[in-house]
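Enquirer: Take a look at this one; I'll ask things after.
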Amino acid sequence: MRNETEVKLVHENHSSRPAYHQCYEILRDKILNGELPSGTKIVEEKLAAELGVSRTPIRDSIRKLENEGLILQKKVVKPTEKDLRNLFNVRILLEGYSAKCAANFLKDNEIDELYKYVEIGRTGTKEEIMAANESFHNDIVKASNNPLMIDIIDRMQAIIYLFRKTVVIYNRPHLIDEHEEIYSAIKSRDGEKAEALMKKHLENDLNFYLHVMSNQ
Numbered sequence: 001m002r003n004e005t006e007v008k009l010v011h012e013n014h015s016s017r018p019a020y021h022q023c024y025e026i027l028r029d030k031i032l033n034g035e036l037p038s039g040t041k042i043v044e045e046k047l048a049a050e051l052g053v054s055r056t057p058i059r060d061s062i063r064k065l066e067n068e069g070l071i072l073q074k075k076v077v078k079p080t081e082k083d084l085r086n087l088f089n090v091r092i093l094l095e096g097y098s099a100k101c102a103a104n105f106l107k108d109n110e111i112d113e114l115y116k117y118v119e120i121g122r123t124g125t126k127e128e129i130m131a132a133n134e135s136f137h138n139d140i141v142k143a144s145n146n147p148l149m150i151d152i153i154d155r156m157q158a159i160i161y162l163f164r165k166t167v168v169i170y171n172r173p174h175l176i177d178e179h180e181e182i183y184s185a186i187k188s189r190d191g192e193k194a195e196a197l198m199k200k201h202l203e204n205d206l207n208f209y210l211h212v213m214s215n216q
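Here it is in structure tokens:
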């Protein structure tokens with residue numbers, strides 16, 4: 001039944017999103033929720049048949065997951081706690097700097113967009129909150145105007161998704177309040193404060209995720 005659902009998902013949404021991206025999301029979720037355990041060999045032909053697509057989108061999605069560190073030599077890699085901490089420390093440094101850049105360089109209308117994401121965070125469904133959370137952070141990262149930094153964050157998207165899903169589903173306290181504080185610092189053009197708040201926000205995400213995982 002699960003395979004039938006996944007095939008339906010890929011075909012129904014083909015017009016709105018590339019097939020490879022849908023396949024990437026399905027494979028990413030299978031890895032992160034343990035359905036594809038560490039060490040599992042990834043076979044393109046088998047996955048293509050299961051999802052009802054050609055091998056091309058499967059190959060593209062595997063390549064993206066390899067870039068994000070979840071697949072190595074066609075086998076699933078499960079990030080350890082040390083891996084997660086190391087990756088998140090990089091994110092804290094880069095997104096902290098990006099928040100400082102956002103306070104200095106974002107246009108007023110772009111800052112207003114950040115507040116829209118905050119509002120969705122308070123009133124939206126879990127899916128809408130996750131999407132708004134992603135947009136809030138991505139828009140701030142783009143404010144760095146540094147292609148290398150943006151690429152590094154992009155290659156961490158699977159791990160970032162893992163944290164984002166956890167903090168939203170388990171209702172991390174003060175998540176949206178912290179977003180609003182970051183937004184307010186950016187709007188006030190206080191780069192130092194925006195950087196400090198972003199770093200603390202991401203540290204809170206990391207600690208909350210590790211706490212949730214330790215109790216499962």
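122 is the number that UniProt numbering gives to position 122 of the sequence shown; each next residue is one higher, with no gaps. Think of the CB as a built atom: it goes at the ideal place given N, C-alpha and C, for glycine as much as any other residue.
Distance, Cα to Cα, Lys78 vs Asp108?
Expert: Residue mapping note: residue 78 aligns to position 78 of the sequence shown, counting from 1. Residue mapping note: residue 108 aligns to position 108 of the sequence shown, counting from 1. Taking the straight line from one Cα to the other gives about 41 Å.
Enquirer: Beta-carbon within less than 8 Å of His211's beta-carbon, same chain only, minus the 5 sequence neighbours each way: which residues are those?
Expert: Locating residue 211 in the sequence shown gives position 211, where the first residue counts as 1. The answer is none, since no qualifying residue turns up.
Enquirer: Give the secondary structure of Lys142 by DSSP, where H, G and I count as helix, E and B as strand, and everything else as coil.
Expert: Mapped onto the sequence shown, residue 142 falls at position 142. The answer is helix: DSSP assigns Lys142 an H, G or I state.
Enquirer: Measuring straight from C-alpha to C-alpha, what distance separates Leu65 and Tyr20?
Expert: For the purposes of this step, residue 65 is taken as residue 65 along the sequence shown, with counting starting at 1. For the purposes of this step, residue 20 is taken as residue 20 along the sequence shown, with counting starting at 1. Each residue's alpha carbon lies about 11 Å from the other.
Enquirer: Tell me the rounded alpha-carbon separation between Ile42 and Leu106.
Expert: For the purposes of this step, residue 42 is identified with residue 42 of the sequence shown, where counting begins at 1. For the purposes of this step, residue 106 is identified with residue 106 of the sequence shown, where counting begins at 1. Cα to Cα, Ile42 sits roughly 42 Å from Leu106.
Enquirer: Hey, quick one: how far does the alpha helix (DSSP H) through Lys82 stretch, first residue to last?
Expert: Locating residue 82 in the sequence shown gives position 82, counting from the first residue. Segment 81–105, the alpha helix (DSSP H) holding Lys82.
Enquirer: On the criterion of 16 or more Cβ atoms from any shown chain inside 10 Å, does Arg2 qualify as buried, or is it exposed?
Expert: Here residue 2 is taken as the residue at index 2 of the sequence shown, counted from 1. With a pLDDT of 44 at Arg2, under the threshold of 50, the modelled position of that residue is not reliable, and the figure given next carries that caveat. Label assigned to Arg2: exposed.
Enquirer: Give me the Cα-Cα distance between Leu87 and Ala48, rounded to the nearest whole angstrom.
Expert: The residue given as residue 87 occupies position 87 in the sequence shown. The residue given as residue 48 occupies position 48 in the sequence shown. Taking the straight line from one Cα to the other gives about 30 Å.
Enquirer: What residues are listed by DSSP as bridge partners for Ile71?
Expert: If you number the sequence shown from 1, residue 71 lands on position 71. Per DSSP, Val76.
Enquirer: Looking at C-beta atoms only, is the number of pairs between the segment 121–131 and the segment 196–203 that lie closer than 8 Å three or more?
Expert: Touching, no.
Enquirer: Around the C-beta of Thr5, are 16 or more other C-beta atoms found within 10 angstroms, so that it is buried, or is it exposed?
Expert: As a working note, residue 5 is residue 5 in the sequence shown. Low local confidence applies: a pLDDT of 43 at Thr5 is under 50, so the model's placement there is unreliable, with the coordinate-based value given in what follows. Answer is exposed; the Cβ neighbour count stays below 16.
Enquirer: What does Lys41 pair with, by DSSP beta-bridge criteria?
Expert: Residue 41 sits at position 41 when you count from the first residue of the sequence shown. Its beta-bridge partners are Lys75.
Enquirer: Taking Val212 as part of the alpha helix (DSSP H), name the residues at either end of that continuous run.
Expert: Translated into the one-based positions of the sequence shown, residue 212 becomes position 212. 191–214 is the span of the alpha helix (DSSP H), which, as asked, contains Val212.
Enquirer: Are Ile159 and Leu84 close, meaning C-beta to C-beta below 8 Å?
Expert: Here residue 159 corresponds to residue number 159 of the sequence shown, with the count starting at 1. Here residue 84 corresponds to residue number 84 of the sequence shown, with the count starting at 1. Closer than 8 Å, so yes.
Enquirer: Return the residue from the list Val141, Gly191, Gly121, Gly69 that minimises the CA-CA distance to Glu178.
Expert: The residue labelled residue 178 in the question sits at position 178 within the sequence shown. Glu178 has its Cα closest to that of Gly121, out of Val141, Gly191, Gly121, Gly69.
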